[in-house]
Amino acid sequence: MIEILNPAELARAKDTGALVADILQTLKRRSTVGTNLLDIDRWTEAMIAEAGALSCYVDYEPSFGLGPFGHYICTGVNDAVLHGRPYDYTLVDGDLLTLDLAVSKNGVAADSAVSFIVGEARHPESVAMIGATERALAAGIAAAGPGARVGDVSHAIGTVLGEAGYEINTEFGGHGIGSTMHQDPHVSNTGRPGRGHRLRPGLLLALEPWVMADTAELVTDADGWTLRSATGCRTAHSEHTIAVTDDGAEILTLPKQPRT
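Numbering-wise, the numbering used here comes out as the position in the sequence shown, counting from 1, plus 11.
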């Protein structure tokens, strides 16, 4: 299903996107050395409830997962890049943490992810990976104007990731979003320009470039959810929900106000 939002729905999408962004920024500030992943999950649950919103994850039960996800946020540490299920782990200096959050409010969902390094230690490889996903995300957004095709967006993302030297996995990528979290069209992180669904104003897309340092192969944890690099290398993931507009694309998942 591909949804095109009307102006009233788009206004609600902007509110949901801002909420997702604000929660992620709060969690990023709180995620310091000594923070437990389960605390991050509890904080997320409380902020979603306070906002009168709904988690897109807690009851999420797709064919590729093992039962309901059962948590309110994805927390990927170091080699965990997607669908990281929170568990009893305490962050240490230098960990590369990815937080991925999807929330629904007033009938419209928004999805965003951010990767960052915890504490003071800085691994050059980690900094480079995070930067590559952020640049690829910006390139994808710039390509997502009205009349463009999904392949144009995928090609823009893949060009940046490929030029940075990363192999690209095409099993998981970006997606349409609206009244539900995952919709068509699928937006691969590499592709051929001029191919695929034509974008039009009112379409929401969640674009999410992600890479692994030295492989494109994923393995699944025993929890049935967490996807890790097959070699144990570090990973990074950046994501925004955008709305295609009459003259380009608008990022919906930008912070609106500071939180403590």
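Glycine is no exception: its CB is placed at the ideal position from the N, C-alpha and C atoms.
Just so we're clear, the structure is a prediction, and the values are computed from it rather than from any experiment.
Could you pull the start and end residues of the alpha helix (DSSP H) that S165 belongs to?
Segment V161 to E174, the alpha helix (DSSP H) holding S165.
Are the region 74 to 90 and the region 234 to 247 in contact at 8 Å, needing three or more beta carbon pairs?
Yes, the region 74 to 90 is in contact with the region 234 to 247.
Whole-angstrom Cβ separation of L16 and G189, contact assumed at under 8 Å?
The Cβ separation is near 6 Å, so the contact holds.
Put I13 into one of helix, strand or coil per three-state DSSP.
DSSP places I13 in coil when its eight states are reduced to three.
Is it buried or exposed for L263, if we count other Cβ within 10 angstroms and need 16 for buried?
It counts as buried.
For V207 versus R160, is the C-beta distance shorter than 8 Å?
Strictly speaking, residue 207 in this sequence is Gly, with Val absent from that position. Closer than 8 Å, so yes.
Take the Cβ of G158 as the centre, count every other Cβ of all protein chains shown within 10 Å, and call the residue buried at 16 or more, exposed below.
So G158 counts as exposed.
Do you know how far the Cα of A217 is from the Cα of H94?
If you take the alpha carbons of H94 and A217, they lie about 15 Å apart.
Using a Cβ-Cβ cut-off of 6 Å (strictly less than) and excluding sequence neighbours within five positions of L107, which residues of its own chain qualify?
If we look at L107 and ignore the five residues flanking it on each side, its Cβ neighbours are N89, I128, S137 and R245.
Check this for me: beta carbons of V119 and A150, under 8 Å apart or not?
Cβ atoms of V119 and A150: not closer than 8 Å.
Keeping to the same chain, check which residues put their C-beta closer than 6 Å to that of P266; ignore five residues upstream and five downstream.
These residues qualify, in order along the chain: A32, D33 and Q36.
When you compare the region 169 to 184 with the region 223 to 235, are there three or more beta-carbon pairs, one atom per stretch, that lie closer than 8 Å?
Yes, they touch.
Among A147, M140 and L65, which residue has its Cα nearest to the Cα of D122?
Measuring from the Cα of D122, the nearest candidate turns out to be L65.
Can you tell me whether A217 is helix, strand or coil according to DSSP?
Three-state DSSP puts A217 in a strand.
Whose C-beta lies closer than 7 Å to the C-beta of T271 among residues of the same chain, with five residues either side of it excluded?
Low local confidence applies: a pLDDT of 46 at T271 is under 50, so the model's placement there is unreliable, and no value is given.
S165: buried (16+ other C-beta within 10 angstroms of its C-beta) or exposed?
Per the 10 Å Cβ criterion, buried.
For the region 125 to 149, list the beta strand (DSSP E) runs that are entirely contained and at least 3 residues long, ordered along the chain.
Listed in chain order, there is nothing to give.
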